[in-house]
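Under our numbering, the letters of the sequence shown match residues 145 to 519, in that order. Note that CB positions come from ideal geometry on N, CA and C, so glycine has one too. Presented below is the structure to which this report refers.
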Amino acid sequence: MDVVDAGKSITGTPTNYDRFKELKAFDESKSGVKGLVDAGITHVPRIFLRPPEDLAAGNSVSGEPAQTQFKIPVIDLKDISSGDRSEMVAGVRRAAETVGFFQVVNHGIPTKVLEEMVSAARGFHELPQEVKAEYYTRERMKKVKYGSNFDLYKSRYANWRDTLFCVMDPEPLDPQELPPICRNETMEYSRQLRVLGKHLFQLLSEALGLNHDHLEGMDCTKGHLILSHYYPACPEPELTMGTTRHSDPDFLTILLQDHIGGLQVLCQDEWVDVPPVPGALVVNIGDLLQLISNEKFKSVEHRVLANHRGPRISVACFLTPHLYPTTRVYGPIKELLSQNNPPVYRETSLQDFIAYYDNKGLDGKSALDHFKLLQ
Ligand code: OGA
Ligand code: NI
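Structure follows, in structure tokens:
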């Protein structure tokens, strides 16, 4: 039987248009979602429309009060290198084992560095289209690239978001590769993140009951990407998404968000806001840490709502060696396994994991399922 009836698929998504052609036209414009907004569109183009079954799956407009009273924990790192760490370790453990998200304050990165990073990210995305277009590419190995929707041709609908993607480490990035408008700020932020990343992995190692340098010894701190996201104001935010629900393809993410809001995390089947806290950074467990911790730590789904207000700027740092060529394979940490806690995942190289994640695109399903051992 033909499932297409009067231009609707069985799920009701309009199919009577040449989607590929429209995706390609958007891609070839090299001007991202910002380009559409600058051109004065008043409706969300159909390549961005959330399918009806997706719309039915939860509130879609930022600012609606969350249904639950649950709050993302805030952890104070002021005693990180001197005082008693036990409270911090306990807080990190509780968050990592449950909601997978926490915010950190007194993390050591000066507010000025954060503010300058956000302004520089905004500055890049607000450059003239022809200047940004020079950085626009889908080349896999390119270290500095601007684009919109890494999974444009795979996802069910495009997201209302543009991104500048920069591979900072472990091979030092030549600063000249970065756009001049955000060069110094990105280099400085990256330097500061390296230090904070090490502190966080020490706390996480201790929270797993391991030596403080265990995760660093597994190269979890070896390498990071900086993704500067730009979410333009959207004329019909309820019809699309800033970022589709997903979990992150790294060990740990450190996220800097501006004051607009819209980030939500899935907590006991409810979408809970991760409210902007001035000066704070959002930290979340990534898929690879869930894998090596044998599911003790949770890589939890999150999403970003589109918004009438904007632009919203966020700068995500993915701590992972990413595509850096290494022969290391990652599986559940042996010290954590026992007869009662057998391995849940098989071992994988990072290259295989990333290839699987990127090829799948953001589809609301966890890439980790593919690496599960049959029980
Ligand atoms: C991400 C992400 C959230 C945000 O980059 O993976 O979830 O607020 N970003 O931009
Ligand atoms: Ni994410």
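Under a Cβ-count criterion, where at least 16 other Cβ atoms within 10 Å of its own Cβ denotes burial, should Arg479 be classed as buried or exposed? To locate residue 479, count along the sequence shown from 1; it is residue 335. Reading the sequence as shown, one finds Glu at residue 479 and not Arg. In the assembly as shown, Glu479 is an exposed residue. Its beta-carbon has fewer than 16 other beta-carbons within 10 Å.
Would the beta-carbon of Arg447 fall within 9 Å of that of Leu410? Your numbering for residue 447 matches position 303 in the sequence shown. Your numbering for residue 410 matches position 266 in the sequence shown. For Arg447 and Leu410, yes; Cβs fall inside 9 Å.
Can the beta-carbon of Ile219 be found closer than 9 Å to that of Ala239? In the sequence shown, residue 219 corresponds to position 75, counting from 1. In the sequence shown, residue 239 corresponds to position 95, counting from 1. Their beta carbons are under 9 Å apart, which means Ile219 touches Ala239 by this criterion.
Could you spell out where the alpha helix (DSSP H) holding Ser372 opens and where it closes? In the sequence shown, counting from the first residue as 1, residue 372 sits at position 228. Premise fails: Ser372 lies in the beta strand (DSSP E), 368-375, not in any alpha helix (DSSP H).
Please identify the residue among Met362, His251, Pro195, Pro196 whose C-alpha is closest to the C-alpha of Lys222. Numbered from 1 along the sequence shown, position 78 holds the residue referred to as residue 222. With distances taken between Cα atoms, Lys222 lies closest to His251.
Output the distance between the C-alpha atoms of Lys298 and Gln247, rounded to the nearest integer angstrom. Taking the first residue of the sequence shown as position 1, residue 298 is located at position 154. Taking the first residue of the sequence shown as position 1, residue 247 is located at position 103. Using only the alpha carbons, I get a separation of about 32 Å.
Return the residue from the list Arg163, Gly179, Ser175 that minimises the CA-CA distance to Leu193. Locating residue 193 in the sequence shown gives position 49, counting from the first residue. Comparing Cα-Cα distances from Leu193 to each of Arg163, Gly179, Ser175, the minimum goes to Arg163.
Can you look up Val459 in the DSSP assignment and give me helix, strand or coil? Residue numbering aside, residue 459 sits at position 315 when the sequence shown is read from its first letter. Shown here, Val459 sits in a strand according to DSSP, grouped into three states.
If you draw a straight line from the C-alpha of Tyr474 to the C-alpha of Leu435, how long is it? Along the sequence shown, read from residue 1 onward, the residue named residue 474 stands at position 330. Along the sequence shown, read from residue 1 onward, the residue named residue 435 stands at position 291. One C-alpha to the other measures close to 8 Å.
DSSP three-state label for Gly176, please. Here residue 176 corresponds to residue number 32 of the sequence shown, with the count starting at 1. DSSP places Gly176 in helix when its eight states are reduced to three.
On the criterion of 16 or more Cβ atoms from any shown chain inside 10 Å, does Ala183 qualify as buried, or is it exposed? Position 39 of the sequence shown holds residue 183. With fewer than 16 other Cβ atoms from the protein chains shown falling within 10 Å of its own Cβ, Ala183 counts as exposed.
Run through DSSP, which three-state label would Glu321 get? Reading the sequence shown from its first residue, position 177 is the one you call residue 321. Looking at Glu321 - three-state DSSP - the assignment turns out to be helix.
Through-space distance from Leu399 to Arg229, alpha-carbon basis: Along the sequence shown, one-based indexing puts residue 229 at 85. Along the sequence shown, one-based indexing puts residue 399 at 255. Computed Cα separation, rounded: 23 Å.
Answer yes if the region 330-349 comes into contact with the region 493-510, meaning at least three C-beta pairs across the two stretches below 8 Å, and no otherwise. As far as the Cβ criterion goes, the region 493-510 does not touch the region 330-349, which means the pair count is below three.
Might you give, ordered along the chain, the residues of its own chain that have their beta carbon closer than 8 Å to the beta carbon of Asp402, omitting 5 neighbours on each side? Your numbering for residue 402 matches position 258 in the sequence shown. Counting only residues of its own chain and dropping the five nearest sequence neighbours on each side, Asp402 has a CB closer than 8 Å to the CB of Val262, Pro420, Arg456, Ile457, Ser458.
Can you tell me whether Arg238 sits near ligand 3, meaning its C-beta is under 8 Å from at least one heavy atom of the ligand? Within the structure as shown, ligand 3 is missing, the only ligands being ligand 1 and ligand 2.
In chain order, what residues of the same chain have a beta carbon less than 6 Å from the beta carbon of Tyr468, not counting five sequence neighbours either side? Translated into positions along the sequence shown, residue 468 becomes position 324. The residues are Pro314, Gly367.
Taking Glu166 as the reference, which of Ile191, Val181, Val488 has the closest Cα? For this step, residue 166 is matched to residue 22 along the sequence shown. Closest by C-alpha distance to Glu166, out of Ile191, Val181, Val488, is Ile191.
Selection from Pro422, Glu439, Leu348 that minimises the alpha carbon distance to Gly235: Reading the sequence shown from its first residue, position 91 is the one you call residue 235. Nearest C-alpha to Gly235: Leu348.
Where Asn484 falls, given that 16 or more other Cβ within 10 Å makes a residue buried: Here residue 484 corresponds to residue number 340 of the sequence shown, with the count starting at 1. Its Cβ having fewer than 16 others within 10 Å, Asn484 is exposed.
Buried versus exposed, by CB contacts within 10 Å (16 or more), Lys286: Here residue 286 refers to the residue found at position 142 of the sequence shown. With a threshold of 16 other beta carbon atoms within 10 Å, Lys286 falls short and is exposed.
Looking at the unbroken beta strand (DSSP E) that takes in Thr307, where does it start and where does it end? Within the sequence shown, numbered from 1, the residue matching residue 307 stands at position 163. Annotation for Thr307: the continuous beta strand (DSSP E) segment containing it runs 306-311.
Three-state secondary structure (DSSP) at Ile436? Position 292 of the sequence shown, counted from the first residue, corresponds to residue 436. Three-state result, Ile436: helix.
What residues are listed by DSSP as bridge partners for Thr186? Counted from its first residue, the sequence shown places residue 186 at position 42. Note: Thr186 is not bridge-paired with any residue in the DSSP secondary-structure output.
Quick check on the DSSP output: the alpha helix (DSSP H) that includes Tyr333 runs from which residue to which? Translated into positions along the sequence shown, residue 333 becomes position 189. Taken as a continuous stretch (DSSP letters only), the alpha helix (DSSP H) holding Tyr333 covers 327-351.
I'd like the list of long-range same chain contacts for Lys440, defined as Cβ closer than 7 Å, with 5 residues on each side in sequence excluded. One-based indexing of the sequence shown puts residue 440 at position 296. Within its own chain, the residues whose Cβ lies closer than 7 Å to the Cβ of Lys440, once the five positions on either side in sequence are excluded, are Glu241, Leu352, Leu480, listed in chain order.
Do Thr330 and ligand 1 come close, with the Cβ less than 8 Å from some heavy atom? Against the sequence shown, residue 330 aligns to sequence position 186. In this structure, Thr330 has its beta carbon at no less than 8 Å from each heavy atom of ligand 1.
Tell whether a beta-carbon distance below 9 Å holds between Pro195 and Arg305. Position 51 of the sequence shown, counting from 1, holds the residue named residue 195. Position 161 of the sequence shown, counting from 1, holds the residue named residue 305. At a Cβ-Cβ threshold of 9 Å, Pro195 and Arg305 do not count as neighbours.
Along the beta strand (DSSP E) that carries Val488, what are the first and last residues, could you check? Within the sequence shown, numbered from 1, the residue matching residue 488 stands at position 344. Membership of Val488 in any beta strand (DSSP E) is not indicated, and neither H nor E is assigned to it by DSSP.
Within 9 Å, strictly: CB atoms of Ile429 and Val444: Stepping through the sequence shown from its first residue, residue 429 is reached at position 285. Stepping through the sequence shown from its first residue, residue 444 is reached at position 300. Contact flag set, yes.
Does Lys504 come out as helix, strand or coil in the three-state DSSP assignment? Numbered from its first residue, the sequence shown carries residue 504 at position 360. In the displayed model, Lys504 falls within a helix according to three-state DSSP.
Using DSSP's beta-bridge definition, name the partner residues of Lys516. Indexing the sequence shown from 1 puts residue 516 at position 372. Beta-bridge pairing links Lys516 to Tyr489.
Sequence-distant residues of the same chain with beta carbon closer than 6 Å to Phe395, five excluded per side: Counted from its first residue, the sequence shown places residue 395 at position 251. Closer than 6 Å at Cβ, skipping near neighbours: Cys364, Gly430, Leu432, Leu433, Leu463, Thr464.
Who are the Cβ neighbours of Tyr279 in its own chain at under 8 Å, not counting the five residues just before and after it? Your numbering for residue 279 matches position 135 in the sequence shown. Residues of the same chain with a CB within less than 8 Å of the CB of Tyr279, apart from the 5 flanking positions on each side, are Val288, Lys289, Tyr290, Leu308, Pro323 in chain order.
Identify the residues that DSSP records as bridge partners of Leu407: which are they? Residue 407 sits at position 263 when you count from the first residue of the sequence shown. In the DSSP output, where bridge partners are listed per residue, Leu407 has Val448.
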